Amino acid sequence: VVLDGKIYTLGGVGYDYHNVCEVYDPATDSWTSCASFSTGRYLHAVATANGKIYVIGGDSWADHWGHEVYSDIQEYDPLTDTWITKSPMPMAATGLNAMTINNKIWVFGGSGLCCVYDIAGDQWEEKTSNQNARGSFSVAYLNGTIYRFGGGSWGPTSDVVESVQIGPDTTSPTVSSVLPQNGATDVRIDTAVTATFSEPMNSSTVTTNSFTLAGNEVSGTVEYD
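For the sequence shown, the UniProt record's numbering assigns the number 1 to the initial residue and increments by one for each residue that follows.
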């Protein structure tokens with residue numbers, strides 16, 4: 001995956017199953033190692049959101065004697081070089097692919113799995129799926145629709161293209177923090193008022209702000225698309 005101009009590679013299989021995290025910086029043409037995640041695996045999904053990286057599901061041969069499929073999701077913070085484990089998927093799955101849309105991670109799996117991870121709430125929602133069970137496929141998002149291409153199972157590869165329509169995001173974001181803080185004193189009149197929202201925002205979605213000056217409320221509206 002790509003994050004902040006750098007390329008991250010995570011996990012995989014050679015003679016053994018790996019939990020390594022390596023990052024390539026194109027600006028310096030150099031590789032560095034980051035903290036490893038918990039368990040070596042392959043056929044997992046990887047996604048990015050809000051400056052963090054997520055490793056989801058996958059499988060390995062436990063001690064080379066048994067097949068183990070994972071349901072966990074692990075979150076990596078490049079700023080602290082640390083991993084934390086989040087709420088697991090509704091089921092263990094492998095052969096996955098994932099993408100982030102509207103601050104939620106859509107995960108598709110080899111069993112026909114389709115579920116959505118709400119990053120802010122750290123919870124999963126399992127979606128009804130009529131998709132064929134397969135892995136090693138590609139996904140793309142265009143105009144409110146996710147497309148799934150190719151892949152295969154234990155039999156022949158597939159040339160099927162399937163799609164999932166994504167409804168509009170009707171959940172308004174919340175304000176996580178504001179500066180200056182509520183009740184602050186001795187603030188210059190020309191100080192910019194800033195707000196941090198619970199999900200990415202841009203200038204086209206925020207038209208005016210509402211704040212209080214010298215005890216008098218200055219009203220306005222915040223529009224969310």
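All residues carry an ideal CB built from backbone N, CA and C; glycine is no exception. Note that the coordinates shown come from a computational prediction; the quantities given were computed from them, not determined experimentally.
Which value, in whole angstroms, describes the spacing of the CA atoms of residue i and residue j?
| i | j | result |
| --- | --- | --- |
| Asp159 | Ala195 | Unreliable positioning characterises Asp159 in this predicted model, as indicated by a pLDDT of 49, which lies under 50. The coordinate reading is nonetheless provided below. For Asp159 and Ala195, the distance between alpha carbons rounds to 47 angstroms. |
| Val2 | Val55 | 13 angstroms |
| Lys127 | Leu113 | 8 angstroms |
| Val175 | Val13 | 42 angstroms |
| Lys86 | Gly5 | 25 angstroms |
| Gly109 | Ala92 | 10 angstroms |
| Tyr15 | Trp124 | 33 angstroms |
| Glu75 | Ser60 | 19 angstroms |
| Asn19 | Ile84 | 14 angstroms |
| Ser204 | Asn97 | Residue placement at Ser204 cannot be trusted, given a pLDDT of 47 that sits under 50; the coordinates are not used to answer. |
| Val107 | Ala45 | 8 angstroms |
| Val178 | Val193 | 7 angstroms |
| Gln181 | Ile119 | 26 angstroms |
| Gly121 | Asn50 | 14 angstroms |
| Val23 | Leu142 | 28 angstroms |
| Thr145 | Tyr117 | 17 angstroms |
Terminal residues of the continuous beta strand (DSSP E) containing residue i?
| i | result |
| --- | --- |
| Asp29 | Neither: Asp29 is in no beta strand (DSSP E) and is coded neither H nor E. |
| Thr191 | No beta strand (DSSP E) holds Thr191; DSSP gives it neither H nor E. |
| Leu113 | Leu113 -> no beta strand (DSSP E), and no H or E assigned at all. |
| Thr82 | 82 to 85 |
| Met99 | 97 to 101 |
| Ala140 | 138 to 142 |
Does DSSP put residue i in a helix, in a strand, or in coil?
| i | result |
| --- | --- |
| Ser176 | strand |
| Val1 | coil |
| Tyr76 | strand |
| Ala184 | coil |
| Gly14 | coil |
| Tyr70 | coil |
| Thr39 | coil |
| Ile119 | coil |
List the DSSP bridge partners of residue i.
| i | result |
| --- | --- |
| Lys127 | BP columns for Lys127 are empty, so no partner. |
| Phe108 | Asn97, Cys114 |
| Ala47 | Tyr54 |
| Ser60 | Glu68 |
| Gly20 | For the sequence presented, residue 20 should be read as Val rather than Gly. For Val20, which the question treats as bridged, DSSP gives no partner whatsoever. |
Spell out whether any CB of chain D is found under 8 angstroms from the CB atom of residue i.
| i | result |
| --- | --- |
| Trp61 | The structure shown has no chain D; it contains just one protein chain. |
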